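Peer 1:
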Amino acid sequence: RNVLISHLLVTWCLLRLGLVGKIKRIFLVLMIIYVSIPFIVKIFPSIQAKLVFLNFVRVPFFIDLKRPQDLGLNHTHNFYLEPESGLKAGVWHTVPAQMWREAQGKDGNWYLSTFSSSHPVILYLHGNAGTRGGDHRVQLYKVLSSLGYHVVTFDYRGWGDSEGSPSEGGMTSDALFVYDWLKQQIGKTKPLYIWGHSLGTGVATNLVRRLCDRGNPPDALILESPFTNIREEAKCHPFSMVYRYLPGFDWFFLDAFTANNIRFASDENVNHISCPMLILHAEDDTVVPFYLGKKLYSMASRSQSLTGHKVQFVPFPASLGYKHKFIYRSPELPRQDPEWPH
């Protein structure tokens, strides 16, 4: 009996030592990975650009962007524009819900003709990852359409079925091209608003700054879940949580944005924007913290270029659970109106 007990004790000790050894090896591997990642990002800064854009992440999978009706947008036309020679960009035009029946079976010429109606137009600039067919984006198109707006959206170069590779300059150029195309279709008198979400707010302020510099600002700018600039957003993003307090965090990670010419400096852009501005932000947003939207609003409120234009900030309480993507669910959304001539 004593021999059996001794054997069991020895076996248990060996198993324990083996388990401890495995845990140590796993911990060592994790530490090597943890220490290596900052150096890898520093040596290959393009990795950081890929993490900003996430254009390679297509959610939902296996959707045909040529068929928006498969997503419940059966009053939407898919077509393509060419922001640069040989560069195709996929675009959707959703007509106001009041035109739903008439839209069935119609071609692109009919959709173009609807711009002559009295309904205002929203150019929607989406955030990173996914495509123009992302579920929360589709749901917002439906809400805006039900409120009587034309909604035009597109995938930046490198997203969805749009050609090319992503960059901040390229995204802004694509947005400017689509805006100018829209102005040609609707004329000078019809209201045209720009709505950006998340990373799209950085594109939106870049675009509107250019338009204001040209002397033809849009009728209003709507920023949903905006940030001040990409460096401040990166410090707060969940991806950076495990490295946030690492000595040299800025040098390892944030300087990679500069190397890739990625700034999305909305905090600077608001000093050059001269049109009504509406900021929407949920208090429980874990991707772009609420305080960054509030900070941008504070900066916009002090901007001399925005003097005389309405600048409004609408918070959504955490109890509503809207987080980063679900403000479209708010029944209050139709009431948030920065004096649009609707």
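UniProt numbering numbers the first residue of the sequence shown as 1 and each following residue consecutively.
Cβ coordinates follow ideal geometry from the N, Cα and C atoms, glycine included.
A quick note: this is a predicted structure, and the numbers were derived from the prediction, not measured.
#1: Examine the Cβ distances between the region 160-177 and the region 95-102 and report whether three or more of them are shorter than 8 Å.
#2: So, is Asp64 buried or exposed, given that buried needs 16 or more other C-beta atoms within 10 angstroms?
#3: Would you mind reading off the limits of the alpha helix (DSSP H) that contains Ala49?
#4: In angstroms, rounded to a whole number, what distance separates the CA positions of Ile47 and Phe252?
#5: Since Ala220 and Pro276 are thought to touch, with beta carbons under 8 Å apart, how far apart are those beta carbons, to the nearest angstrom?
#6: Looking only at DSSP bridge pairs, what is Lys281 linked to?
#7: For His75, tell me which candidate among Glu82, His93 and Val59 has the shortest Cα-Cα distance.
#8: Excluding the 5 residues preceding and the 5 following Asp135 in the sequence, name in chain order all residues of the same chain whose CB lies nearer than 7 Å to its CB.
#9: Looking at the structure shown, is Pro338 part of a helix, part of a strand, or coil, going by DSSP?
#10: Hey, how far is the Cα of Ile33 from the Cα of Gly196?
#11: Using a Cβ-Cβ cutoff of less than 6 Å, which residues in the same chain neighbour Asp213 once the five nearest sequence positions on both sides are dropped?
#12: Using the DSSP secondary-structure output, state which residues sit across from Leu81 in a beta bridge.
#13: Can you check DSSP and say which residues form a bridge with Ile194?
#14: What span of residues does the alpha helix (DSSP H) with Phe61 cover, start to end?
#15: Below 6 Å CB to CB, which residues in the same chain sit around Ala129 once its five sequence neighbours on both sides are set aside?
#16: Ignore the nearest five residues each way along the sequence and tell me which others in Phe239's own chain have a CB closer than 8 Å to its CB.
#17: Take Asn206 and list the residues in its own chain whose beta-carbon comes closer than 6 Å to its own, dropping the five residues that flank it on each side.
#18: Unbroken alpha helix (DSSP H) runs of length 4 or more, entirely within the UniProt domain "AB hydrolase-1" (120-215): which are they?
#19: Apply the 10 Å Cβ neighbour rule to Pro83 and answer buried if 16 or more other Cβ atoms are within range, or exposed otherwise.
#20: Indicate the three-state DSSP secondary structure (helix, strand or coil) for Thr94 in the structure shown.
#21: When you compare each of Thr286, Ala256 and Asn229 to Phe39 by their alpha carbons, which one comes out closest?
#22: Cα separation between Pro247 and Tyr149?
#23: Hey, Gly158 and Ser225 are a contact pair by Cβ (cut 8 Å); roughly how many whole angstroms apart?
#24: Buried or exposed, going by whether 16 or more other CB atoms sit within 10 Å of the CB of Phe264?
#25: Do you know offhand how far Ile122's Cα is from Val138's?
#26: Touch check for the region 303-314 and the region 108-117: three-plus C-beta pairs under 8 Å?
#27: According to DSSP, what are the bridge partners of Thr76?
#28: Any idea what DSSP makes of Tyr34, helix, strand or coil?
#29: Suppose the cutoff is 6 Å on Cβ atoms and the five residues either side in sequence are ignored; what does the same chain contact list for Ser146 look like?
#30: Which residue from Ala259, Tyr156 and Leu125 puts its Cα closest to that of Tyr193?
#31: Relative to the C-alpha of Gly108, which residue among Pro166, Cys236, Lys88 and Phe79 is closest?
#32: Once DSSP output is grouped into helix, strand and coil, what is the label at Tyr322?
Peer 2: Reading it off the structure:
#1: Segment contact: the region 160-177 against the region 95-102, fewer than three CB-CB distances shorter than 8 Å; contact not assigned.
#2: Reading the sequence shown from its first residue, position 64 is the one you call residue 64. Taking a 10 Å sphere around the C-beta of Asp64, we find fewer than 16 other C-beta atoms and assign the residue as exposed.
#3: Here residue 49 is taken as the residue at index 49 of the sequence shown, counted from 1. The continuous alpha helix (DSSP H) containing Ala49 extends over residues Ser46 to Phe53.
#4: Your numbering for residue 47 matches position 47 in the sequence shown. Your numbering for residue 252 matches position 252 in the sequence shown. The alpha-carbon atoms of Ile47 and Phe252 are separated by roughly 12 Å.
#5: Your numbering for residue 220 matches position 220 in the sequence shown. Your numbering for residue 276 matches position 276 in the sequence shown. Right, the Cβ-Cβ distance comes to about 4 Å (below 8 Å), so this counts as a contact.
#6: Position 281 of the sequence shown holds residue 281. It should be noted that the sequence gives His, not Lys, for residue 281. Note: His281 sits in a beta bridge opposite Pro315.
#7: In the sequence shown, the residue the question calls residue 75 occupies position 75. The shortest Cα separation from His75 among Glu82, His93 and Val59 belongs to His93.
#8: Mapped onto the sequence shown, residue 135 falls at position 135. The beta carbon of Asp135 sits closer than 7 Å to the beta carbons of Pro60 from its chain, once the five residues preceding and following it are set aside; these are given in chain order.
#9: Mapped onto the sequence shown, residue 338 falls at position 338. At Pro338 the pLDDT is 48, less than 50, meaning the model places this residue with poor confidence and gives no usable figure here.
#10: Your numbering for residue 33 matches position 33 in the sequence shown. Your numbering for residue 196 matches position 196 in the sequence shown. About 36 Å.
#11: Counting from one through the sequence shown, the residue named residue 213 turns up at place 213. Hits under 6 Å: none found.
#12: In the sequence shown, residue 81 corresponds to position 81, counting from 1. In DSSP, Leu81 forms a bridge with Ala89.
#13: Translated into positions along the sequence shown, residue 194 becomes position 194. Its beta-bridge partners are Leu123 and Leu221.
#14: The count along the sequence shown starts at 1 and reaches residue 61 at position 61. Run containing Phe61: none; DSSP gives neither H nor E here.
#15: Residue numbering aside, residue 129 sits at position 129 when the sequence shown is read from its first letter. The residues are Leu54 and Val57.
#16: Reading the sequence shown from its first residue, position 239 is the one you call residue 239. Taken in chain order, the residues that qualify are Leu51.
#17: On the sequence shown, residue 206 is found 206 positions in, with the first residue counted as 1. Cβ within range, chain order: Thr172.
#18: Runs found: 135-146, 168-186 and 199-214.
#19: For the purposes of this step, residue 83 is identified with residue 83 of the sequence shown, where counting begins at 1. Buried: at least 16 other Cβ atoms inside 10 Å.
#20: Counting from 1 along the sequence shown, the entry for residue 94 is found at position 94. In the three-state scheme derived from DSSP, where H, G and I count as helix and E and B as strand, Thr94 is classed as strand.
#21: Stepping through the sequence shown from its first residue, residue 39 is reached at position 39. The option with the nearest alpha carbon to Phe39 is Ala256.
#22: As a first step, residue 247 must be located in the sequence shown, where it is residue number 247. As a first step, residue 149 must be located in the sequence shown, where it is residue number 149. Whole-angstrom Cα-Cα distance: 49 Å.
#23: As a first step, residue 158 must be located in the sequence shown, where it is residue number 158. As a first step, residue 225 must be located in the sequence shown, where it is residue number 225. Not really, about 22 Å apart at Cβ, beyond 8 Å.
#24: Here residue 264 refers to the residue found at position 264 of the sequence shown. When all chains shown are included, Phe264 counts as buried.
#25: Taking the first residue of the sequence shown as position 1, residue 122 is located at position 122. Taking the first residue of the sequence shown as position 1, residue 138 is located at position 138. Inter-residue distance for Ile122 and Val138 is about 14 Å (C-alpha atoms, whole angstroms).
#26: With contact defined as three or more Cβ pairs closer than 8 Å, the region 303-314 and the region 108-117 are not in contact.
#27: Residue 76 sits at position 76 when you count from the first residue of the sequence shown. DSSP, once it has assigned bridges, lists Thr94 as partnering Thr76.
#28: Here residue 34 corresponds to residue number 34 of the sequence shown, with the count starting at 1. In the three-state scheme derived from DSSP, where H, G and I count as helix and E and B as strand, Tyr34 is classed as helix.
#29: Position 146 of the sequence shown holds residue 146. Excluding positions up to five away in sequence, the list reads Ala97.
#30: Against the sequence shown, residue 193 aligns to sequence position 193. Leu125 is the residue among Ala259, Tyr156 and Leu125 whose C-alpha sits nearest the C-alpha of Tyr193.
#31: Working through the sequence shown from its first residue, we reach residue 108 at position 108. Measuring from the Cα of Gly108, the nearest candidate turns out to be Phe79.
#32: Here residue 322 corresponds to residue number 322 of the sequence shown, with the count starting at 1. In the structure shown, Tyr322 falls within a coil segment according to DSSP collapsed to helix, strand and coil.
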